[in-house]
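Each residue of the sequence shown is one higher than the one before, counting from 1 in full-length UniProt numbering. Glycine included, C-beta positions come from ideal geometry on N, C-alpha and C.
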Amino acid sequence: MDNPLLCIFCDNALGPDTKPEHILPNALGGRKTTRRVICSDCNNRFGSTIDDALAKQVEIIRNLLQLESGTGKPPPMLRNVQAGTEKVTFRNDGQPELVTPPFTVTERPDGTAEVAITVKTPEELRRFLPHIAARLRMSEDELVKQMEGGTGVVVERRPGEVHHHISFGKEDAIRSVAKSCLVLLATLVGNDAVKSDAFKEARTFVLTGSKEFNEKRVTIDSRPVPGVDDLIRVYGMFFNLIYVRSDSAGRVIGHFTLYNAISWQIVLAEAGGPAECKSGLVSNPLDPTSWSDAIADTVNIPFAWLDAADKGYELERARQRLISMAQYHHDESQQAEIARIVNDVCAKYGIKSDNDPIDPAHQEAIFNEITARLAAHAMHQPYEQRLTADQMKKLLKGESSE
1 MDNPLLCIFC DNALGPDTKP EHILPNALGG RKTTRRVICS DCNNRFGSTI
51 DDALAKQVEI IRNLLQLESG TGKPPPMLRN VQAGTEKVTF RNDGQPELVT
101 PPFTVTERPD GTAEVAITVK TPEELRRFLP HIAARLRMSE DELVKQMEGG
151 TGVVVERRPG EVHHHISFGK EDAIRSVAKS CLVLLATLVG NDAVKSDAFK
201 EARTFVLTGS KEFNEKRVTI DSRPVPGVDD LIRVYGMFFN LIYVRSDSAG
251 RVIGHFTLYN AISWQIVLAE AGGPAECKSG LVSNPLDPTS WSDAIADTVN
301 IPFAWLDAAD KGYELERARQ RLISMAQYHH DESQQAEIAR IVNDVCAKYG
351 IKSDNDPIDP AHQEAIFNEI TARLAAHAMH QPYEQRLTAD QMKKLLKGES
401 SE
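Encoded structure:
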């Protein structure tokens with residue numbers, strides 16, 4: 001009878017019911033999985049601890065660059081972010097929402113009330129009408145009747161300046177990185193090899209952490225990896241890469257590149273590991289369907305380069321890569337905002353798709369509003385549109401308000 005396949009971090013047997021483990025973490029867009037290296041118990045424990053620690057460090061980048069997970073889930077929301085003097089929440093699609101009550105009621109000395117409503121769509125406005133009516137102690141019909149006879153102002157403005165703090169590393173996140181390297185290696189050389197004494201310190205580091213291992217066997221590396229231009233050409237400017245290689249003495253190095261911005265070198269085994277082996281896994285987080293587990297066959301990263309980590313870490317290299325991320329976000333968000341404004345104005349005039357005709361009588365109004373809103377956006381100025389009583393009436397009924 002064949003010996004059962006065992007988890008590399010414990011002695012649990014693996015089988016067809018074992019939960020699949022993402023070799024490159026799911027949060028980073030990893031798609032390649034295996035049921036033949038880590039048991040379900042370790043998978044669950046790592047997922048809620050060290051993998052979660054790494055995932056939290058990339059939440060801002062994922063939202064800014066709109067990076068899906070490997071399983072296709074949208075980027076995480078960024079809640080209650082300080083934007084100037086206000087707070088905003090960045091939705092999964094990267095769009096900001098002002099963190100404020102949907103409506104406020106201010107009582108006037110003469111017994112009347114001023115209602116300020118902050119909503120994103122006419123549908124949202126109508127959804128809050130019952131609550132506003134209850135606050136004013138009147139029926140919804142009475143509220144609508146009063147609002148139909150009044151006027152309003154629609155204000156569109158950019159949020160204040162946002163300062164994001166991004167930090168990489170810390171022991172728990174590095175434990176997740178080391179785990180990925182060991183799992184990738186196990187898919188190449190087998191579980192028994194990775195369960196050997198040569199990898200005992202690395203396995204212990206993943207399981208429980210170790211200040212000594214983190215200080216002596218982990219090095220942050222700011223060097224661009226050999227073949228970086230080819231990697232960017234095929235897998236995008238923010239590729240993720242895991243590369244594991246050994247020398248003739250069985251010294252095994254794991255190298256993990258995160259978003260082509262920062263890398264870590266980890267000495268998985270100082271000696272006695274499988275000799276002269278190499279494996280790689282690369283992924284494009286902008287398009288998680290683009291990945292390869294055969295990258296070591298086409299991109300040769302010499303062992304000598306892997307073993308000579310950048311002891312004098314150069315902050316400027318990493319800073320420039322983060323700047324390129326910020327520029328990418330700026331360019332993409334600008335295009336998205338232009339499209340949003342154009343689509344919003346066209347929808348007001350009943351134009352739902354590129355195939356819908358534009359009424360010549362509305363062309364000038366459409367052009368003028370798009371121009372005014374784009375100019376206000378470019379100059380960081382609010383755009384205000386006063387609504388007539390007739391427009392208010394149509395808005396409350398869900399009709400076009402042109």
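{"Check": "Enclosing alpha helix (DSSP H) for N191 [first to last residue]", "Outcome": "N191 to V194"}
{"Check": "Beta carbon of V282 nearer than 7 Å to that of F238", "Outcome": "no"}
{"Check": "Three CB pairs or more closer than 8 Å across the segment 174-182 and the segment 43-56", "Outcome": "yes"}
{"Check": "Residue nearest to P76 in terms of C-alpha spacing, selected from D110, L125, F90 and E148", "Outcome": "F90"}
{"Check": "The segment 143-160 in contact with the segment 381-398 per 3-pair CB rule at 8 Å", "Outcome": "yes"}
{"Check": "Contact check, I170 vs I8, beta carbons under 7 Å", "Outcome": "What sits at residue 170 in the sequence shown is Lys, not Ile. Going by C-beta atoms, K170 is not nearer than 7 Å to I8."}
{"Check": "DSSP state of M1 mapped onto helix, strand, coil", "Outcome": "Its pLDDT being 46, under 50, M1 is placed unreliably by the model, and nothing is read from it."}
{"Check": "Buried or exposed by the 16-neighbour rule on C-beta atoms within 10 Å, applied to H255", "Outcome": "buried"}
{"Check": "Inter-stretch contact at 8 Å, needing at least 3 Cβ pairs: the segment 26-37 / the segment 59-69", "Outcome": "yes"}
{"Check": "N-terminal and C-terminal residue of the alpha helix (DSSP H) that K278 is part of", "Outcome": "No alpha helix (DSSP H) contains K278, which is instead part of the beta strand (DSSP E) from K278 to S283."}
{"Check": "Enclosing alpha helix (DSSP H) for F128 [first to last residue]", "Outcome": "P122 to R135"}
{"Check": "Close-in-space but distant-in-sequence residues of the same chain around I351 (CB under 7 Å, 5 per side omitted)", "Outcome": "I358"}
{"Check": "Where E364 falls, given that 16 or more other Cβ within 10 Å makes a residue buried", "Outcome": "exposed"}
{"Check": "Three CB pairs or more closer than 8 Å across the segment 211-226 and the segment 34-42", "Outcome": "no"}
{"Check": "As assigned by DSSP and simplified to three states, the class of S210", "Outcome": "coil"}
{"Check": "K145 burial status per 10 Å Cβ neighbour count (16 or more: buried)", "Outcome": "exposed"}
{"Check": "P285, buried or exposed, once every other Cβ within 10 Å from all chains shown has been counted against 16", "Outcome": "buried"}
{"Check": "Sufficient close CB pairs (3 or more, under 8 Å) joining the segment 319-333 to the segment 241-261", "Outcome": "yes"}
{"Check": "Three-state class that DSSP yields for L64 in the structure shown", "Outcome": "helix"}
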